[in-house]
Amino acid sequence: MDDIRVVTDFPRKVREIENVWIPMPDGVKLAARLWLPEDAEADPVPAILEYLPYRKRDGTVERDQLTHPYFAGHGYAGVRVDMRGSGDSEGVCRGEYLKQEQDDCLAVIEWLAKQLWCSGSVGMIGISWGGFNSLQV
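One gets the numbering used here by counting positions in the sequence shown from 1 and adding 38 to each.
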C-alpha cells in the first residue's frame with residue numbers, strides 16, 4: 039500500500055476562523071468553524087457545509103483539518119457546524135433526524151448564503167449522521 043500524502047500547498051491561501059456563532063430563529067446559537075480562501079470577501083465562494091453532532095473542537099478535529107482547508111484552498115468555504123445541543127452549540131439535542139434539526143440546518147444554510155464571503159451557493163457533505171442530514175435537508 040502506498041504511503042498517504044497530506045497536501046498543504048493549495049492554489050489559494052486559507053484563513054481559518056475557529057469559532058463563529060450562527061443565530062437560530064428561536065435565539066439559540068450554533069457554533070461553527072470556517073475555512074475560507076483569504077480573498078473570499080473580495081471574490082465570494084460557494085460554501086460546503088458539514089452539519090454534525092460530533093464536536094468540531096475535538097471529536098472530528100483531525101479529519102476536519104485535512105478536509106476543510108483543502109476545500110478552501112481550492113475556492114470553496116469549508117464550514118463545520120455543531121448541531122443544537124452538541125459540542126459548543128447551545129440548546130438541547132432531543133434525538134436524531136427530528137424536524138428541529140432540519141429546521142436548524144435550513145437556517146444555517148440561509149445564514150451562510152447571506153455572508154459577504156459566500157456566493158450564495160451552499161452544498162452539503164457528510165457521512166454517517168452528516169450524510170443523513172445532507173440527504174434529508
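Beta carbons: idealized from backbone N, C-alpha and C, even for Gly. Quick caveat: nothing in here was measured; it's all calculated off a predicted structure.
- Counting the other CB atoms within 10 Å of its CB gives Ala80 a total below 16, which places it among the exposed residues.
- Here Leu144 is not near Ala85, since their CB atoms are 9 Å or more apart.
- Here the stretch 107-126 lies against the stretch 65-79, with 3 or more beta-carbon pairs under 8 Å apart.
- Residue pairing by DSSP places Tyr89 opposite Val119 in a beta bridge.
- With 16 or more other Cβ atoms inside 10 Å of its own Cβ, Val52 counts as buried.
- With a cutoff of 9 Å on beta-carbon distance, Phe170 and Gly161 are scored as not near each other.
- Glu54: not part of any alpha helix (DSSP H); member of the beta strand (DSSP E) spanning Val52 to Pro61, first to last residue.
- With distances taken between CA atoms, Lys94 lies nearest to Ser124 out of Tyr108, Ala78, Gly111 and Ser124.
- Residue nearest to Asp142 within the set Asp41, Val99, Trp155 and Val66 is Val66 (criterion: CA-CA distance).
- One alpha carbon belongs to Arg101, the other to Tyr92, and they sit about 12 Å apart.
- Between Arg50 and Glu88, the CB-CB gap reaches or exceeds 9 Å.
- For Lys67, the uninterrupted beta strand (DSSP E) run begins and ends at Lys67 to Pro75, by DSSP.
- The DSSP-derived three-state label of Cys131 is coil.
- A direct Cα-Cα distance of roughly 14 Å separates Ser159 from Phe109.
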